[in-house]
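With full-length UniProt numbering, the residue at position 36 of the sequence shown is 36, and numbering never jumps.
Yeah, the Cβ is synthetic: ideal placement off N, Cα and C, and Gly gets one too.
Computed from a predicted model, the values in this text were never measured in an experiment.
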Amino acid sequence: MKILVTGGAGFIGSHLVDALVEEGHEVVVLDSLDPQVHQDEPDYMNSRATYHFGRVGDLTILERVLEGVEVIFHEAAAVGVGQSMYEIARYVEANTFETARMLDQIVNHENQVKRIVVASSMSIYGEGAYECEDCGVVYPELRSDEQMKRRIWEMQCPECGKTTKPLPTDEEKPLKPRSIYAITKRDQEEMCLSVGQAYGIPTTALRYFNVYGPRQSLSNPYTGVCAIFSSRIKNNNPPLIFEDGLQTRDFISVHDIIKANILAMKKRSGDYETFNVGTGNAISILEVAEKLTELYSSDVKPEIVNKFRAGDIRHCFADTRKIEQKLGFKPEHSFEEGMRELVAWGEKVEAEDEFEQAYEELKVKGLVEE
Ligand code: UD1
Numbered sequence: 001m002k003i004l005v006t007g008g009a010g011f012i013g014s015h016l017v018d019a020l021v022e023e024g025h026e027v028v029v030l031d032s033l034d035p036q037v038h039q040d041e042p043d044y045m046n047s048r049a050t051y052h053f054g055r056v057g058d059l060t061i062l063e064r065v066l067e068g069v070e071v072i073f074h075e076a077a078a079v080g081v082g083q084s085m086y087e088i089a090r091y092v093e094a095n096t097f098e099t100a101r102m103l104d105q106i107v108n109h110e111n112q113v114k115r116i117v118v119a120s121s122m123s124i125y126g127e128g129a130y131e132c133e134d135c136g137v138v139y140p141e142l143r144s145d146e147q148m149k150r151r152i153w154e155m156q157c158p159e160c161g162k163t164t165k166p167l168p169t170d171e172e173k174p175l176k177p178r179s180i181y182a183i184t185k186r187d188q189e190e191m192c193l194s195v196g197q198a199y200g201i202p203t204t205a206l207r208y209f210n211v212y213g214p215r216q217s218l219s220n221p222y223t224g225v226c227a228i229f230s231s232r233i234k235n236n237n238p239p240l241i242f243e244d245g246l247q248t249r250d251f252i253s254v255h256d257i258i259k260a261n262i263l264a265m266k267k268r269s270g271d272y273e274t275f276n277v278g279t280g281n282a283i284s285i286l287e288v289a290e291k292l293t294e295l296y297s298s299d300v301k302p303e304i305v306n307k308f309r310a311g312d313i314r315h316c317f318a319d320t321r322k323i324e325q326k327l328g329f330k331p332e333h334s335f336e337e338g339m340r341e342l343v344a345w346g347e348k349v350e351a352e353d354e355f356e357q358a359y360e361e362l363k364v365k366g367l368v369e370e
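In structure tokens form, the structure reads like this:
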């Protein structure tokens, strides 16, 4: 089958390309090679795939690239949460508008597209789900500035103010995207699903939790915490931990993300559905910092800075029941094993620590405390 992977030179897209080629598919890639992510053309490009360099929203290229394509994996996106709060138009253009143009092309021109799998994100939930011992399941808003300034990090019940306990977040949780990035990921998900439904093109949205693994850009300070900490440690700088370090996330290996994508392509039970793609395990940011310093055999000591980043959520981890039931997906890679792989790879690649500069930028904009 002929398959298009947008963002196929990126972290997740490139692993997907390899897996699809391995399965015997004819794979075409459309990627803009964003300089913030790629210093050069990546050395892992697959010699058995065909690459086109350009933007998803460029209809001239898209028309050519779509020729004969039956399945689209839409992975291309600008991905910095903090950055999206001050490069608003760029994020809306890259994620929302360029997806809109791709869909316009699909519905208005002759093509063979029979299935779309779109990369969505846990960020569209905003805060995760919580349980209050008196009020039951609650879906709080982000913590207020006032609460954060008092260093009360845990989530309080929106009804009675008691400290709550995090629960796995399922797909039914009301969506409360609280960054421009998250809003554009919801746009991508909803636009693909609604166009798919209207035109009878089976579409599946995969809400990735915090993805890590080889090929993650270690020099892009706007990516996730595993990459940022790796690059800090490699450059002998301490990882800086916001809040008290006990905030948690659901870290999932890129290899499991690929497995979920392949299942979404193959199984009709995923048509027009959205799925969490996580492990269901909550891991604290402090644990991540400690594990990475240990595995890098580094002497640097993670620093808990007791400050906070605007817009950060406290806890979010996946309820994995739906994807397990409908797609038969179960993650195979443990956190320990995945971190070992990340470090083994990280030791071989260069990493410029651009964190300070990005941090300063956030400070200037008032998105992190002085
Ligand atoms: C966000 C997005 C997610 C996206 C990811 C990477 C939300 C809810 N989710 O996740 O969709 O895939 O960014 O772009 O917006 N931290 C530190 N020190 C650092 C960096 C981060 O302590 O140097 C902490 C943060 O304060 C946060 C946690 O690590 O508590 C995770 O941060 P990050 O990796 O940026 O990801 P999310 O905010 O979970």
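Given that a residue counts as buried once 16 or more other Cβ atoms are within 10 Å of its Cβ, and exposed if not, what is I201? Around the beta carbon of I201, a 10 Å sphere encloses 16 or more other beta carbons of the protein chains shown; the residue is thus reported as buried.
Can you tell which of G196, D319, E98 and H25 has the C-alpha that lies nearest to the C-alpha of R55? Nearest option by C-alpha distance: E98.
For S219 and I116, the rounded distance between their alpha carbons: The straight-line gap separating the alpha-carbon atoms of I116 and S219 is approximately 31 Å.
Buried or exposed: K234, going by 16 or more other Cβ atoms within 10 Å of its Cβ? Buried is the call here.
Could you tell me the boundaries of the beta strand (DSSP E) in which R115 lies? Annotation: the continuous beta strand (DSSP E) that includes R115 extends over R115 to S121.
Out of A76, K114 and A289, which one is the CA nearest neighbour of G196? Looking at the Cα atoms, K114 is the closest of the given residues.
Run the CB neighbour count on I72, radius 10 Å, all protein chains shown included, and call it buried at 16 or more, exposed below. Buried, by the Cβ-count rule.
Ignore the nearest five residues each way along the sequence and tell me which others in I228's own chain have a CB closer than 8 Å to its CB. Within the same chain, Cβ atoms closer than 8 Å to the Cβ of I228 are found at P221, P239 and F355, the five residues on either side in sequence being excluded.
Hey, quick one: how far does the alpha helix (DSSP H) through S231 stretch, first residue to last? Its alpha helix (DSSP H) spans residues V225 to K234.
Test item: CB-CB of T169 and C132 under 8 Å: For the pair T169 and C132, the CB atoms are not nearer than the 8 Å cut-off.
Determine the contact status of E75 and I12, defining contact as a CB-CB distance below 8 Å. A contact, by the Cβ cut-off of 8 Å.
So which of M148, E294, M122 and V28 has the shortest CA-CA distance to A205? Looking at the Cα atoms, M122 is the closest of the given residues.
Inter-stretch contact at 8 Å, needing at least 3 Cβ pairs: the region 296-307 / the region 240-252: Touching, per the Cβ criterion.
Please list the terminal residues of the continuous alpha helix (DSSP H) segment that includes N261. Its alpha helix (DSSP H) spans residues V254 to K266.
Report back the beta-carbon spacing between G280 and F317 to the nearest angstrom; my notes put them in contact at under 8 Å. With 8 Å as the limit, G280 and F317 qualify as a contact, their Cβ atoms being about 6 Å apart.
Tell me whether the region 187-195 and the region 307-314 touch, counting them as touching only if at least three CB pairs, one residue from each stretch, are closer than 8 Å. The region 187-195 makes no contact with the region 307-314: fewer than 3 CB pairs, one atom from each, lie closer than 8 Å.
Under 8 Å: do the region 322-337 and the region 245-253 share three or more Cβ pairs, one atom per stretch? Touching, yes, given that three or more Cβ pairs across the two stretches are closer than 8 Å.
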